[in-house]
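First the structure, in the form of structure tokens, and then the observations on it.
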Amino acid sequence: MQPQAFYRAVADDFSAVDGIIKKQLTSKVPLVSKIGDYITSAGGKRLRPLLVLLCGKALGREGDDLRLLAATIEFLHTATLLHDDVVDMSGMRRGRETANAMWGNAPSVLVGDFLYSRSFEMMVELGSMPVMKILSQATRIIAEGEVLQLSKVRDASTTEETYMEVIRGKTAMLFEASTHSAAALCGATAEQAEALRTFGDHLGVAFQLVDDLLDYRGDAETLGKNVGDDLAEGKPTLPLIYTMREGTPEQAALVRKAIQKGGIEDLEAIRAAVEASGSLEYTAQLARDYVARAIKCLDALPASEYRDALAELSEFAVARTH
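In case it helps, the numbering used here puts the sequence shown at residues 855 to 1176.
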């Protein structure tokens, strides 16, 4: 795990969450445990459970229930990854083969279902109806976000407004659910709960904006996935939407054709067009704006090393290269 201060602040809790994840992955069906362990041990950042721990401790909470909530959030996230890779026909994630590439689509979908089911068992164990309400609604909204994104594949008329609706559902919602459920578990004041809910939303939006930016500015080895994956799938992300709206007629036509056709035959020309049109800087600046608004939300929390770690984590979200 990376040595940033925001991990060190909750190192013992983070280690305990790993233990819960390993324990909850056990199944009498060996393939379930095998696939579950493969994807959870892939070395992801685990930002969502980290948010749970930092928000909880910023509110003065200690104990096993906070760790269990963090593990629950990670199970929900991992389930979405398994399903997303099948839907997107992805062959690479976090620098190695996806589960669907290793074992096939059917086992990946079914193990994703197992992880969703296990996460709801863990929610029941927590015994908090407010948490259950937040996470069950979040699960629905995430699914709706993924379906909305699917409906916009190869649709070059997709607007920035629709794009923002997609990323708020498919990505930002779980960030929001992480921070909001931590507040609910801790019995935060209404003001603190709303501030943390908004913080999670803004941070999640910024995180996805950077992800979509890196699809054109990054490289496969650093990203741990194939550069141009979004373009290959015909996904109209913000760098493309902005280029069609603000670029030259030639740049707009090139991008429009690429979205409608899918594939990465024109990837280098597209990368040059989105850079020249100013869309990557526009996307980066929007991400920075959302992070600034997220950090402002933290004023509702008492001063502590955990609040500082949340601010540092927010800065990391836009400064990262993968």
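Each residue gets a CB set at the ideal place from its N, CA and C atoms; glycine is no exception.
Keep in mind it's a predicted model, so treat the numbers as computed, not measured.
Here the stretch 1017 to 1030 makes contact with the stretch 1051 to 1064; the two share three or more CB pairs at distances below 8 Å.
For the pair alanine 1037 and cysteine 909, the Cα-to-Cα distance works out to about 7 Å. Straight through space, the alpha carbons of alanine 1044 and arginine 921 are spaced by roughly 23 Å. In this structure, valine 1007 sits near glycine 1116, with a CB-CB distance shorter than 9 Å. One Cα belongs to valine 1059, the other to phenylalanine 1053, and the distance between them is close to 10 Å. Alanine 912 sits close to tyrosine 1160, with the two beta carbons spaced by under 9 Å.
Taking C-beta separations shorter than 7 Å and ignoring five residues to either side along the sequence, the partners of leucine 1152 in its chain run Phe1053, Arg1161, Leu1164 and Ala1165, following chain order. Phenylalanine 974 and methionine 986 have their C-alpha atoms some 8 Å from each other. Contact between isoleucine 988 and threonine 932 fails: their C-beta atoms lie close to 19 Å from each other, not under 8 Å. Serine 1035 and asparagine 959 have their C-alpha atoms spaced approximately 31 Å apart. Alanine 1126 sits away from valine 1109, with the two beta carbons spaced by 9 Å or more.
If you look at leucine 905, you'll find it in the alpha helix (DSSP H) that goes 901 to 912. The beta carbon of aspartate 867 sits closer than 6 Å to the beta carbons of Leu907 and Arg921 from its chain, once the five residues preceding and following it are set aside; these are given in chain order.
Nearest to glutamate 928 by C-alpha distance, out of Gly898, Asp918 and Asp939, is Gly898. Secondary structure within the stretch 952 to 1023: the alpha helix (DSSP H) runs of 4 or more consecutive residues, fully enclosed, are 953 to 957, 959 to 980, 983 to 1005 and 1014 to 1021 (chain order). In this structure, glycine 1082 keeps its C-beta atom at 9 Å or more from the C-beta atom of tyrosine 1096. By the CB criterion at 9 Å, alanine 1010 and glutamine 1114 fall inside the cutoff. Cβ atoms of alanine 1138 and leucine 1067 come within 8 Å of each other, at about 6 Å. For threonine 926, the enclosing alpha helix (DSSP H) begins and ends at 918 to 942.
Around the beta carbon of alanine 992, 16 or more other beta carbons lie within 10 angstroms, which makes this residue buried. Here the stretch 993 to 1003 does not lie against the stretch 944 to 956, with fewer than 3 beta-carbon pairs under 8 Å apart.
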